[in-house]
Amino acid sequence: MGEMDSSVYFIQDGVAMEEDVTGEQVKVTTGSCIGIFECSCGVNERKRTTIVSINYCDIWRLRRETLIDIGMSEPHALLDCRAAAKANRAKAMQKSGRVMHLLKRNAFLTFTLLSSQIVKLFEACTPCVYLNDERIVWMGQPFTGLVIIVSGSVNITIAVNGEQEVIRYNKANEGDPGQSGHSALPSTIGSFTAPPASMVASPRFADHSGVEENPFTIIGAYEFAASFRQYGSTVTSFGLTQAYVIDKAKLDAIVTPELKRIMFDTVAARDLVVDAYKARDMSILRANMAAGFAQKFKIHRDSLKEKKKK
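59 is the number that UniProt numbering gives to position 59 of the sequence shown; each next residue is one higher, with no gaps.
This is how it looks when you write it as structure tokens:
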């Protein structure tokens, strides 16, 4: 545990125990494969567990360089191996209340959805892992859902006054050694032209109510609230990024047809969403929650209930 090792180990015979940082032990069975994610996906991270041999263990070791050399002659097999390793790592992610906290703290979502609908978002999200330089969404790509970043770093390419600017957003993971658990300020890492002074001086989206806000945590929240059909930025994983995804089909099942109609027809509320994004100021939304889609939908729903009672 804690060592940097990019090799994969195959347990051919014998009995061993795997111990994590909490001290919990799990038996490692014959045929187990340890470290395939780091090895096949090119991820350099410290080992999360310690493997202890209980009796004689016959173990085979495969170095990353060797696996890649083999994979060059069988690229499809290597890609399948990576996909399986990513899926297995995603399954190991435990959905915690922290994800719910991120959903409820996002001004775009609270402006648009009722609390009960945000809870359904939490229930519908599924874990996903992105590797270094892997595209999460493309600018101009059709909207396919929400991506909640829980750990890692992403590079975000956005359009500013007709030019493109790249911002790096870092999200620390609670529970990881050496991490504070707080999101770092996005930092401009490069642009095709000099970015506006306001963007550089205040890269975090402000909220004068005292709530620390950063919509970069939930990719697609702005486009969803503004009823845009395409993403307005390109987001690329920088290193290993862990996230939870809510695809469009699940999102559409949560958002009722009446709420969709309100989101599309209420131009003034959509203008508030766009203004908040452009001004980098989420207090614009929090100060106007009464004019939001969620509140209008609640009023409409309550009026229908009253009519049914009569």
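The beta-carbon is built from N, C-alpha and C at its ideal position, and this holds for glycine as well.
Quiz item: Where do the ends of the alpha helix (DSSP H) carrying Pro-257 lie?
Solution: 257-265
Exercise. With distances taken Cα to Cα, identify the nearest neighbour of Met-263 among Ile-51, Asp-13, Pro-142 and Phe-111.
Key: Phe-111
Quiz item: Per DSSP, Gly-152 is paired with what?
Solution: When DSSP reads this structure, Gly-152 sits in a beta bridge with Lys-171.
Practice problem: Consult DSSP for Arg-229 and reduce its assignment to one of helix, strand or coil. | Solution: In the three-state DSSP reduction, Arg-229 falls in the coil class, being neither helix nor strand.
Practice problem: Check whether the region 95-109 touches the region 228-240, counting contact only when three or more Cβ pairs, one atom from each stretch, lie closer than 8 Å. | Solution: no
Quiz item: Would you report the Cα separation of Ala-184 and Asn-214, rounded to the nearest angstrom?
Solution: Unreliable placement is indicated for Ala-184, whose pLDDT of 38 sits below 50; the coordinate value is still reported in the next sentence. When rounded, the distance between both Cα atoms is 10 Å.
Quiz item: What residues in its chain sit with their C-beta under 6 Å from that of Cys-128, if we drop five residues either side in the sequence?
Solution: Closer than 6 Å at the Cβ level, and outside the excluded window around Cys-128, lie Ala-90, Ala-243 and Val-245.
Quiz item: Where do the ends of the beta strand (DSSP E) carrying Lys-126 lie?
Solution: Before going on, a small fix: residue 126 reads as Thr here, not Lys. From DSSP, the beta strand (DSSP E) with Thr-126 extends over 126-130.
Exercise. On the DSSP bridge assignment, give the partners of Arg-46 in chain order.
Key: Its beta-bridge partners are Met-4.
Exercise. Compute the Euclidean distance between the alpha carbons of Val-274 and Ala-226, then round it to the nearest angstrom.
Key: 7 Å
Exercise. Pull up the distance between the alpha-carbon of Ile-167 and that of Arg-286, whole angstroms please.
Key: 25 Å
Practice problem: Give every residue of the same chain whose Cβ lies closer than 7 Å to the Cβ of Ser-7, excluding the five residues on either side of it in the sequence, and list them in chain order. | Solution: Gly-35, Cys-39, Arg-61, Leu-62, Arg-63 and Arg-64
Practice problem: Below 7 Å CB to CB, which residues in the same chain sit around Ile-136 once its five sequence neighbours on both sides are set aside? | Solution: Tyr-130, Val-147, Val-154, Ile-219, Val-235, Thr-236 and Ser-237
Quiz prompt | Per-residue burial, Leu-272 [other beta carbons within 10 Å of its own, 16 or more giving buried] | solution = buried
Practice problem: Spell out a yes or no on whether the region 51-58 and the region 14-24 are touching, meaning 3 or more CB-CB pairs, one atom from each, closer than 8 Å. | Solution: Cβ pair count under 8 Å is three or more, so yes.
Quiz item: Taking the continuous alpha helix (DSSP H) assigned at Val-62, which residues delimit it?
Solution: Rather than Val, the amino acid found at residue 62 in this sequence is Leu. Not the alpha helix (DSSP H): Leu-62 falls in the beta strand (DSSP E), residues 58-62.
Exercise. Answer with buried or exposed for Ser-303, where buried requires no fewer than 16 other C-beta atoms within 10 angstroms of its C-beta.
Key: By the C-beta density criterion, Ser-303 is exposed, having fewer than 16 other C-beta atoms within 10 angstroms.
Quiz prompt | Residue closest to Ala-107, alpha-carbon to alpha-carbon, out of Ala-276, Gln-94 and Leu-251 | solution = Ala-276
Self-check item: Nearest candidate by alpha-carbon position, reference Lys-95, set Gln-117, Ala-124 and Leu-78
Solution: For the residues Gln-117, Ala-124 and Leu-78, the minimum Cα distance to Lys-95 belongs to Ala-124.
Quiz item: Does at least one heavy atom of the ligand NAP sit under 7 Å from the Cβ of Ala-225?
Solution: The ligand NAP is not among the ligands present in this structure, which contains no ligands whatsoever.
Practice problem: Give the secondary structure of Ile-54 by DSSP, where H, G and I count as helix, E and B as strand, and everything else as coil. | Solution: Ile-54 carries a coil assignment under DSSP once its states are collapsed to helix, strand and coil.
Exercise. Might you give, ordered along the chain, the residues of its own chain that have their beta carbon closer than 7 Å to the beta carbon of Met-4, omitting 5 neighbours on each side?
Key: Asn-44 and Arg-46
Quiz item: Taking Cβ to Cβ, would you say Ala-269 is nearer than 8 Å to Leu-113?
Solution: No Cβ-Cβ contact shorter than 8 Å links Ala-269 with Leu-113.
Quiz item: Can the beta-carbon of Met-139 be found less than 8 Å from the beta-carbon of Thr-157?
Solution: yes
Quiz item: Taking the alpha-carbon positions, what's the Ile-149 to Thr-217 distance?
Solution: 5 Å
Self-check item: Contact check, Lys-260 vs Gly-145, beta carbons under 8 Å
Solution: For Lys-260 and Gly-145, no; Cβs fall outside 8 Å.
Quiz prompt | Distance between Asp-265 and Pro-75 (C-alpha atoms, nearest Å) | solution = 49 Å
Practice problem: Determine the extent of the beta strand (DSSP E) in which Lys-95 is found, giving its start and end residues. | Solution: Segment: none, Lys-95 is in no beta strand (DSSP E) and carries neither H nor E.
Quiz item: Which value, in whole angstroms, describes the spacing of the CA atoms of Asn-170 and Glu-134?
Solution: Here the alpha carbon of Asn-170 sits roughly 16 Å from the alpha carbon of Glu-134.
Exercise. On the DSSP bridge assignment, give the partners of Pro-142 in chain order.
Key: Gln-230
Quiz item: Whose C-alpha, out of Tyr-222, Thr-50 and Lys-278, is nearest the C-alpha of Val-28?
Solution: Measuring from the Cα of Val-28, the nearest candidate turns out to be Thr-50.
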